[in-house]
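*Asks:* Residue numbers (the UniProt record's numbering): 1 to 219. Got a structure for you, written out below as C-alpha cells; questions coming shortly.
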C-alpha cells in the first residue's frame, strides 16, 4: 500500500504558483513522466519510430530490451543503483539534521532523534551488502514517486506530526529521484545520443511525422 498524499505533495510542490522557474517546471515534468511510466526508454522509442530504433538493445548490457523494468534490473546498473541508494541515505541524513536544527519546526527528544536518524540509515541498509541482488526493495514504487504507507506510519510514530512526516517523506522521494536522474538516467541518455549519432539519427528525424502507410508497428 502507498501513501498517496506524499505523491500529491511532491507534484503540487512543483506546479501552480510554486512553478516560478523553468528548473521547477523541468522537475515537475520529470516527476510526471516517472509516475506515468513515460520515460522515453528504447522500447517506447521503438513504438514511436521503429524505422529508426529497430531492434536496438539496452546500451548498458547490449543484451536485453530496455523498458522501465529493465532499467531497474539491468546488472550493468547494479553499482549505480547502490550508489543512488547510498547517496539518498547520506543526503536524507543531512536533511533530517537540518530539520531538527529548526526547533520551531521539529522538536524531538534525544531518543526520538536517534530513532529518526536510524530509520533513515536502515531504509537502504541492505545495499551495503556487496552481494545485494537487484532490484533493491521498494525501488519500483519509489521510482514512480510512491511512498510506502508502512514507512510513512513509522516516521509519524517518531515525529508525531502529520506536517513534519509529509515534509520528510516528500523530501526523501525528491532526493532519491534527483540521484536517479543524475547517476543513472542522464549517463544513460548520453549513451543513447552517442548511439543515435552512429546511426545518423537527428532530432529533426524524430520530429518528422511518418505517413500512416509507412508506419511500422512494433510488436
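Glycine included, every Cβ here is placed at the ideal spot set by N, Cα and C. All of these numbers come straight from a predicted model, not from anything done at the bench.
Along the chain, where does the alpha helix (DSSP H) containing residue 172 start, and where does it finish?
*Replies:* 162-180
*Asks:* Given a threshold of 16 other Cβ atoms within 10 Å of its Cβ, counted over all protein chains shown, does residue 46 qualify as buried or as exposed?
*Replies:* buried
*Asks:* What residue range is occupied by the uninterrupted alpha helix (DSSP H) comprising residue 87?
*Replies:* 78-101
*Asks:* Checking 7 Å against the spacing of the C-beta atoms, do residue 145 and residue 35 come in under that value?
*Replies:* yes
*Asks:* Between the alpha carbons of residue 92 and residue 141, how many angstroms are there, rounded?
*Replies:* 18 Å
*Asks:* Would you mind stating whether residue 152 and residue 43 have Cβ atoms separated by less than 7 Å?
*Replies:* no
*Asks:* Under 7 Å between the Cβ atoms of residue 179 and residue 84?
*Replies:* yes
*Asks:* For residue 29, is the classification buried or exposed, using 16 other Cβ atoms within 10 angstroms of its Cβ as the cut-off for buried?
*Replies:* Its Cβ having fewer than 16 others within 10 Å, residue 29 is exposed.
*Asks:* Can you check which of these residues, 62, 210, 100, 155, is closest to residue 122 by C-alpha distance?
*Replies:* 155
*Asks:* Distance cutoff 7 Å, beta carbons only. Does residue 79 sit that close to anything in chain C?
*Replies:* Among the protein chains of the structure shown there is no chain C, as only one such chain exists.
*Asks:* For residue 148, which beta-bridge partners are listed by DSSP?
*Replies:* 2
*Asks:* Roughly how many angstroms separate the alpha carbons of residue 183 and residue 120, rounded to a whole number?
*Replies:* 20 Å
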